[in-house]
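Heads up: the sequence lines are chains G and C, in that order. Every letter in the first sequence is one number past the one before it in the working numbering, and letter 113, counting from 1, is 113. Every letter in the second sequence is one number past the one before it in the working numbering, and letter 253, counting from 1, is 1253. From the three backbone atoms N, C-alpha and C, an ideal C-beta is built for every residue, glycine too. What follows is a single structure, written as structure tokens, with notes after it.
Protein chains: 2
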Amino acid sequence: MASATHLLTDELDIVIPTIRNLDFLEMWRPFLQPYHLIIVQDGDPSKTIKVPDGFDYELYNRNDINRILGPRSSCISFKDSACRCFGYMVSKKKYIFTIDDDCFVAQDPAGKPVNALEQHIKNLLSPSTPFFFNTLYDPYRDGADFVRGYPFSLREGVPTAVSHGLWLNIPDYDAPTQLVKPLERNTRFVDAVLTIPKGTLFPMCGMNLGFDRDLIGPAMYFGLMGDGQPIGRYDDMWAGWCIKVICDHLGLGVKTGLPYIYHSKASNPFVNLRKEYKGIFWQEEIIPFFQAAVLPKDCTTVQACYVELSKQVKEKLGKVDPYFDKLAEAMVTWIEAWDELNPTGPGAKLANGKAN
Amino acid sequence: MASATHLLTDELDIVIPTIRNLDFLEMWRPFLQPYHLIIVQDGDPSKTIKVPDGFDYELYNRNDINRILGPRSSCISFKDSACRCFGYMVSKKKYIFTIDDDCFVAQDPAGKPVNALEQHIKNLLSPSTPFFFNTLYDPYRDGADFVRGYPFSLREGVPTAVSHGLWLNIPDYDAPTQLVKPLERNTRFVDAVLTIPKGTLFPMCGMNLGFDRDLIGPAMYFGLMGDGQPIGRYDDMWAGWCIKVICDHLGLGVKTGLPYIYHSKASNPFVNLRKEYKGIFWQEEIIPFFQAAVLPKDCTTVQACYVELSKQVKEKLGKVDPYFDKLAEAMVTWIEAWDELNPTGPGAKLANGKAN
Chain G
1 MASATHLLTD ELDIVIPTIR NLDFLEMWRP FLQPYHLIIV QDGDPSKTIK VPDGFDYELY
61 NRNDINRILG PRSSCISFKD SACRCFGYMV SKKKYIFTID DDCFVAQDPA GKPVNALEQH
121 IKNLLSPSTP FFFNTLYDPY RDGADFVRGY PFSLREGVPT AVSHGLWLNI PDYDAPTQLV
181 KPLERNTRFV DAVLTIPKGT LFPMCGMNLG FDRDLIGPAM YFGLMGDGQP IGRYDDMWAG
241 WCIKVICDHL GLGVKTGLPY IYHSKASNPF VNLRKEYKGI FWQEEIIPFF QAAVLPKDCT
301 TVQACYVELS KQVKEKLGKV DPYFDKLAEA MVTWIEAWDE LNPTGPGAKL ANGKAN
Chain C
1001 MASATHLLTD ELDIVIPTIR NLDFLEMWRP FLQPYHLIIV QDGDPSKTIK VPDGFDYELY
1061 NRNDINRILG PRSSCISFKD SACRCFGYMV SKKKYIFTID DDCFVAQDPA GKPVNALEQH
1121 IKNLLSPSTP FFFNTLYDPY RDGADFVRGY PFSLREGVPT AVSHGLWLNI PDYDAPTQLV
1181 KPLERNTRFV DAVLTIPKGT LFPMCGMNLG FDRDLIGPAM YFGLMGDGQP IGRYDDMWAG
1241 WCIKVICDHL GLGVKTGLPY IYHSKASNPF VNLRKEYKGI FWQEEIIPFF QAAVLPKDCT
1301 TVQACYVELS KQVKEKLGKV DPYFDKLAEA MVTWIEAWDE LNPTGPGAKL ANGKAN
């Protein structure tokens, strides 16, 4: 697997929203330096991000996004780390690893630094098992297998589209939980990777996330957050609900568990509460919506699925708040922009047909 | 929680199929001696099982089963550890912990002996979360909680009916996997408990299993296995598929993960292959059957659900093999026997009405 990791240097981009903390790159240098970085700057374009020597990178600020996407740049959030999804769109690689700049290298229980990227690659290169639960977790891992009673017809698994990693130290809590439990730290290293079963939704966190851009990239849209929008901190959640419904429909797998990163600092719970509070209401309606969402059989590409989902968002969630009408339109704009920048992508033609 | 464990000495029975190895009870003495044991002897009734001094127990052999159940004793397997379910039926306690006699006390990564029973009790006394996946696993555990994006309306959880524990050392593999990987040992201690999501089936192993008899007992039938039957080693699997469908219907939770036991010896893979080979074919049809099974809304008790399921088994699986007709009838007999021995059990009246 070490050699596979090495090979993927040509097939994987690291996407990072604004880097405010340059220690971040120094700490990750042993693991990330062989890879190409795409940095998407979320605030004032006149500010300059200094990237330490030795890293191969491209950096996009708001002016770049506006220039490249023109009017379609409206689908990319401003002054919010949701803008990172622009990096997914401009990448030309098969795999993406995205990480926040307050995530440092974790240690395993033996004190060894965790190579998070290597574990994401392992997760993405081995199949998923969404149709039946394996009680010994990932059956493809060394020392594990399918247990007694696991149907043999399901043991080939399905391709893995998403690898969701976790966080030691500061857990990814919402503002109310942060406020109630300001001192809670995650110290439990759970040595497992598992497939989230078909039909089950999960809260996807964008802090430490790998995915196969060819398989699911066009659905990895982080929505409208931040400047001018009524909510924040739901960018990754929105993407997670969309990708899970589409992966379930297309027979693709989503894994969660290892690798851990060390999440160094909690964001301000008061600021978070302001960003989140509408989401806290809305998620009570959004989740049943996604749980009930059914995609038609003729949606055979990610783009087609995503455009179909945007219609259902408009129809069903538009009643909840006009924000969802705007979001549904932005979902279509995102697909148009994706296909413009990735014209030879699989199924782009069909999806364009659907979108128009 | 330690005090809760203590209290449950009056509310929990330990059910053990034939004890061939008396080291077993000596090893478990510190943990099991405060509890009442129900031993169900699976072979020749003239053989005597010597239980070491100090244990409070009752022992049933085949003659006892025949005497107590009369003609309905046909639903209890003979010469197979599936007979253990007779112990579930004669217990009068709220909780059951069942364990095999080749399961020893495991050690956690710090070398401390694992009190498996205490962990099962913790699992059973805290709620489950089947409707949405929590990426930090059991949200009710110390040091954990619901993560950002988890709907607040689902944070009360639902009552936990089943706690499925795992095994270090010899993994619970089927015969083909045992044959292919004779040396594989499970050495990975995964420090997690998680709810198996609604709509997802899993392979439930009876080696190390706790459940709430009041909530799910009547569905914990281990089927027809062993003497005179065409298959073996599917007793716990059968029960697992049935209980999961019924728990999903009734809004009850099923957890898997901790506690570990140390599984000391692999059973003979050649013998296992003979017992399993029909099951290996049949499970390819049984699992889609259970995945598609829908119980009517008016089935509001476990008994009513189970009798309804028996009808569906006869109708849909009877075509696969006449064995399933016999099994469907035994499922009804089991419920009749359960209700006879547990006449005041919740919903017994309704279920009897359905069964006749």
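- Within chain G, the residues whose beta carbon sits less than 8 Å from that of N1186 (chain C) are L136, G143 and A144, listed in sequence order.
- The beta-bridge partner set that DSSP reports for S1163 (chain C) consists of C:G1210 and C:K1255.
- Put simply, the segment 176-192 of chain G touches the segment 1142-1159 of chain C. At least three CB pairs are less than 8 Å apart.
- Look at G1240 (chain C) here: in three-state DSSP terms it is helix.
- Taking 8 Å as the threshold, the shortest C-beta distance from E1284 (chain C) to chain G falls below it.
- Going by beta carbons, L258 (chain G) and A175 (chain G) fall outside the 8 Å limit.
- For the options C:F1086, C:P1071 and C:C1247, the alpha carbon positioned closest to that of S1077 (chain C) is the one of C:F1086.
- If you draw a straight line from the Cα of K319 (chain G) to the Cα of I38 (chain G), it comes to about 37 Å.
- Inter-segment contact for the segment 1203-1218 of chain C and the segment 113-126 of chain G is absent: fewer than three beta-carbon pairs are separated by less than 8 Å.
- Contact of K1093 (chain C) with chain G by beta-carbon distance below 7 Å is absent, the smallest such distance being about 26 Å.
- Taking the beta carbon of G251 (chain G) as reference, no residue of chain C falls within 7 Å; the closest one sits roughly 15 Å away.
- Taking 8 Å as the cut-off, the Cβ atoms of D101 (chain G) and I216 (chain G) do not count as close.
- L327 (chain G) counts as buried, since at least 16 other C-beta atoms from the protein chains shown sit within 10 angstroms of its C-beta.
- A1293 (chain C) is classed as buried because its beta carbon has at least 16 other beta carbons within 10 Å across all chains shown.
- Contact holds between the segment 1228-1244 of chain C and the segment 1275-1285 of chain C, because three or more Cβ pairs, one in each stretch, are under 8 Å apart.
- Take the alpha-carbon of S91 (chain G) and the one of P218 (chain G): they are about 12 Å apart.
- Between T1200 (chain C) and T301 (chain G), the C-beta gap is not smaller than 8 Å, which leaves the two residues out of contact.
- D236 (chain G) sits close to G206 (chain G), with the two beta carbons spaced by under 8 Å.
- Taking CB atoms only, V147 (chain G) has a neighbour in chain C less than 8 Å away.
- Cβ contact annotation for V1114 (chain C) (same chain, cutoff 7 Å, sequence separation greater than five): V1105, A1106, Q1107, D1108, P1259 and Y1260, in chain order.
- Counting along the chain, the unbroken alpha helix (DSSP H) around I68 (chain G) starts and ends at R62 to L69.
- Using a C-beta cut-off of 8 Å, the segment 126-142 of chain G makes no contact with the segment 41-53 of chain G, since fewer than three inter-stretch Cβ pairs fall below that distance.
- Within the segment 1205-1237 of chain C, C1205, R1233, Y1234, D1236 and M1237 place their CB atoms closer than 9 Å to a CB of chain G, listed in sequence order.
- Just measuring C-alpha positions, the residue of C:C1075, C:T1160 and C:K1311 sitting nearest G1226 (chain C) is C:C1075.
- Its chain contains Q41 and P45 as the residues whose beta carbon lies nearer than 7 Å to that of N61 (chain G), once the 5 sequence neighbours on both sides are disregarded; these appear in chain order.
- Here F78 (chain G) is bridged, per DSSP, to G:G226.
- At least 8 Å separates the beta-carbon of P1197 (chain C) from that of E1156 (chain C).
- For L1124 (chain C) and I1019 (chain C), the gap between their C-alpha atoms comes out near 26 Å.
- Between W282 (chain G) and D321 (chain G), the CB-CB gap stays under 8 Å.
- DSSP places T1333 (chain C) within a helical segment (H, G or I) once states are collapsed to three.
- By alpha-carbon distance to T1160 (chain C), the top candidate from C:A1330, C:C1305 and C:K1094 is C:K1094.
- At a C-beta separation below 9 Å, F270 (chain G) has no neighbours in chain C, since its nearest C-beta there lies roughly 15 Å away.
- In the DSSP annotation of this structure, the continuous segment of the beta strand (DSSP E) that includes T1195 (chain C) starts and ends at V1193 to T1195.
- Bridge partners of D101 (chain G) according to DSSP: none are assigned.
- Rounded to whole angstroms, the Cβ separation of G1240 (chain C) and F1202 (chain C) is 6 Å, and the two are in contact under 8 Å.
- Within chain C, the residues whose beta carbon sits less than 8 Å from that of L201 (chain G) are F1132 and F1133, listed in sequence order.
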